[in-house]
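Report on the structure given below.
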Amino acid sequence: MANALLSVRNLSVQFTTYGQTNPVLKGVSLDVPARSQIALVGESGSGKTVTMRAIMGLLRSPPAKVTGGEIFYDGRDLLTMPDRERLKLRGTAMSMVFQDPMSSLNPVFTIADQMGTILKYADRRLGRSRNGRERMARVHEVLGQVRMRDPERVARSYPIMLSGGMRQRVLIAMALLSEPRLLIADEPGTALDVTTQAQILKLLKDLVEERGLALLMITHNLGVVRETSNYVYVMNKGVVVEHRPTAELFEAPRDDYTKALIAAVPRLTGGTSFGKAGAAA
Amino acid sequence: MSAMLEIAGLTKLFPVRNGFGRKTGDVRAVDDVSFSIEKGKVYGLAGESGSGKSTIARMIMGLARPTGGDIRLDGHSIIGETGTRAYGRKVQMVFQNPGSSLNPRRTVGQSIAVPLAAHGTPAREHRQRIAELLEMVQLPADFALRYPHELSGGQKQRVAIARALAVAPQLLILDEPTSALDVSVQARVMDLLVDLGRQLGLTYLFISHDLSLMRNFADTVGVLYLGKIVETGATASVFEAPQHDYTRLLLASVPVISAEEEAMRPKIPLIDGEIPTAEQLIALRAAVSQRIEK
Ligand SMILES: Nc1ncnc2c1ncn2[C@@H]1O[C@H](COP(=O)(O)OP(=O)(O)OP(=O)(O)O)[C@@H](O)[C@H]1O
Ligand SMILES: Nc1ncnc2c1ncn2[C@@H]1O[C@H](COP(=O)(O)OP(=O)(O)OP(=O)(O)O)[C@@H](O)[C@H]1O
Ligand SMILES: [Mg+2]
Ligand SMILES: [Mg+2]
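Taken in sequence, the protein lines are chains P and H. Take the first sequence: its letter number 116 is residue 116 in UniProt numbering, and every next letter is one higher. Take the second sequence: its letter number 239 is residue 239 in UniProt numbering, and every next letter is one higher.
Spelled out as structure tokens, the structure:
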């Protein structure tokens, strides 16, 4: 919609590798109103991450090519905006938490170095200034917000010294550094234990509500969809197959793909039997 | 009944250093852990981030040296024996992070060929075997020619599973094997793991934070907290009647998709309201571990 904070209209993206062209997004549309909690769910390879990369301007071309559509942020089309202006928005107006913590962290720098650098460049783009001490104070503050037991120890650590879950929380902290209006989280719970995930999901919801932040949650976990969103887009093979208020989706899914997805979720109550022999016996 | 894997008093300390690189103490990443897995059974290890699950797995794989304790595989102590070819054939692992466990400069086929070659499969059989393994994990045979960066997260993890199965191991350690997969693929991979387990008599050590998945896969579960096993037992009884507050907190945190499951979750308040400070969090953790101590 015209007044959504983020509005993706009919986005098509293709990849060309070894002279072969594959359409990966085939006319994807979705809206993220300000202060809303939106989920994008779909199976592996359906194009969720490509959608996010297109929004963030992180698709490398070649091999990727946007073949159609618009991406409006605050009413302005990101795809036709000058690169300089687009760069200014990335990491400040909208931030992204990536799926793969290890490949997004540099193994040879401490967390403090990496977060300090991100903050420095974000400040520079926004024409703000902060001295080294103020920067570290902000780094410790944000690490505390993502529930690090000891923010100062974590800041001094190298990525290898942290468990997978701690690294994921560092990435979330990085995304929050310059208080964006839109946070795009790509599978933020994948490497997290459930208690931390529950806390993080709660943290993200609190941020959305208290600070006027919008959240676009990308996940393959339907439980996460149910607990973090009011509206959900279901994606399959580069197409949005169903979009509904979240509660309705679980009560009465319409699309066959959505139904199959819900049926495949293992239940905490047990009774999901795996193995063909098991099903027959 | 005999045990495939027996772990006794397993301990791992990591040095803690201050800002000047001086050692100021140790982190007890794994603290006197004991459990055993019967042949052909599935043992599930659950626990929060940093509780030591991957460190235990890495010690069993010989990728980290235990500070203390014993690891026995099929009746033999394996301390000092890990890393040998015979050992690698018995124990394989699927890592938590598909992105960093695959070599970016190797094609999928080349990655799967590494364990095949190391364990004596003749080169002329590689192509056929790679195609079979890819089929097992529901990937088309021409994926053998792709590089990791051309795959989605889920596709990479399926390649890692195919690679681990290449040498037909007896014990397979699964460290969050399906956390990057969508549920329909996960269900097929779990079907596959269960079928392979039955056919080949595989024993699994299954590490996961997905308790719903664990409920439906593991015969026995152990709950790990700050390096210690705080509760262990038959899966159904642990889930239906958790004895420890930490197990209850874990269950209370599971995102679920139905009112029925919501009803079975223990009613423990998660941290709510405003963001707690680090000190509040430390106090909370201390309170939880004291309750566990009792
Ligand atoms: N650099 C690339 N070159 C060629 N194909 C690519 C590239 N990146 C992604 N693809 C393809 O685009 C499709 C969508 O991938 P994408 O990473 O968006 O999936 P996803 O929905 O995020 O999946 P997952 O849940 O596994 O992360 C996949 O078929 C993938 O193989
Ligand atoms: N090489 C290392 N040096 C120092 N400390 C380490 C090292 N590896 C792990 N640790 C510490 O040991 C503890 C256990 O880490 P481990 O990776 O085993 O946790 P985990 O249970 O697998 O967590 P996750 O669910 O996040 O993967 C953590 O406190 C971690 O910081
Ligand atoms: Mg993705
Ligand atoms: Mg781990």
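We put the beta carbon where it would ideally sit given N, CA and C, even for glycine.
Item                                                                                                                  : Value
Segments assigned alpha helix (DSSP H), at least 4 residues, entirely inside the region 144-191 of chain H            : 153-165
beta-carbon residue 182/H near ligand 4 non-hydrogen atom, thresh 7 Å                                                 : no
Exposure of residue 58/H, with buried meaning 16 or more beta-carbon neighbours within 10 Å                           : buried
Min CB distance residue 60/P to chain H below 8 Å                                                                     : no
Of the listed residues 20/H, 26/H, 52/H and 23/H, nearest to residue 33/H (C-alpha basis)                             : 52/H
Separation of residue 162/H from residue 125/H, as counted between CA atoms                                           : 16 Å
Separation of residue 6/P from residue 72/P, as counted between CA atoms                                              : 6 Å
Closest residue to residue 23/P among 67/P, 60/P and 42/P (Cα-Cα distance)                                            : 67/P
Any non-hydrogen atom of ligand 3 within 7 Å of residue 53/H CB                                                       : no
Contact with chain P by residue 255/H, beta-carbon distance below 8 Å                                                 : yes
Other residues of its chain near residue 69/P: CB distance less than 6 Å, five sequence neighbours each side excluded : 9, 10, 11 and 12
Beta-carbon proximity list for residue 119/P, same chain, < 8 Å, skipping 5 on both sides                             : 130, 135, 138, 139, 177 and 178
Proximal residues of chain H, C-beta to C-beta of residue 197/P below 8 Å                                             : 209, 253 and 255
Residue 156/H to residue 104/H span [Cα, whole Å]                                                                     : 11 Å
Residue 243/P - partner residues in DSSP beta bridges                                                                 : 233/P
Nearest-angstrom beta carbon gap, residue 39/P and residue 184/H [assumed within contact, 8 Å]                        : So it is not a contact: roughly 17 Å between Cβ atoms.
Buried or exposed (CB count within 10 angstroms, at least 16 for buried), residue 18/P                                : exposed
Straight-line gap, residue 13/H to residue 163/P (C-alpha atoms, nearest Å)                                           : 14 Å
Distance cut-off 7 Å: residue 19/P Cβ against heavy atoms of ligand 1                                                 : no
8 Å Cβ cutoff, residue 139/P in contact with chain H                                                                  : no
Residues of the region 220-241 of chain P whose Cβ lies closer than 7 Å to any Cβ of chain H, in chain order          : 220, 221, 222, 223, 224, 226 and 227
Closer than 8 Å to chain P by CB, residue 185/H                                                                       : yes
Cβ shell of residue 273/H (< 8 Å), same chain only, five flanking positions each side left out                        : Residue confidence is low: residue 273/H scores 31 on pLDDT, short of 50, so the model does not pin down where it sits. Its coordinate-derived value is still stated next. Within the same chain, residue 273/H has no close Cβ partners at all.
Three-state class that DSSP yields for residue 76/H in the structure shown                                            : strand
Residue 220/H CB to nearest heavy atom of ligand 5 below 7 Å                                                          : Ligand 5 is absent from the structure shown, which contains only ligand 1, ligand 2, ligand 3 and ligand 4.
Outcome for residue 263/P when other beta-carbon atoms lying within 10 angstroms are tallied against a minimum of 16  : exposed
Beta-carbon separation (whole angstroms), residue 238/P vs residue 47/P, contact threshold 8 Å                        : 5 Å
Residue 67/H (DSSP reduced to helix, strand or coil)                                                                  : coil
Among 65/H, 244/H and 178/H, nearest to residue 213/H - alpha-carbon criterion                                        : 178/H
Helix, strand or coil at residue 85/P [DSSP, three-state]                                                             : helix
Distance cut-off 7 Å: residue 29/H Cβ against heavy atoms of ligand 2                                                 : yes
Cβ-based neighbour list, residue 94/P, same chain, cut-off 6 Å, excluding 5 preceding and 5 following                 : 180 and 182
Check: residue 100/H C-beta below 7 Å from any heavy atom of ligand 4                                                 : no
Beta-carbon gap between residue 231/H and residue 207/H smaller than 8 Å                                              : no
Any C-beta of chain P under 8 Å from that of residue 33/H                                                             : no
Cross-chain neighbours of residue 190/H in chain P, by beta carbon under 7 Å                                          : 274
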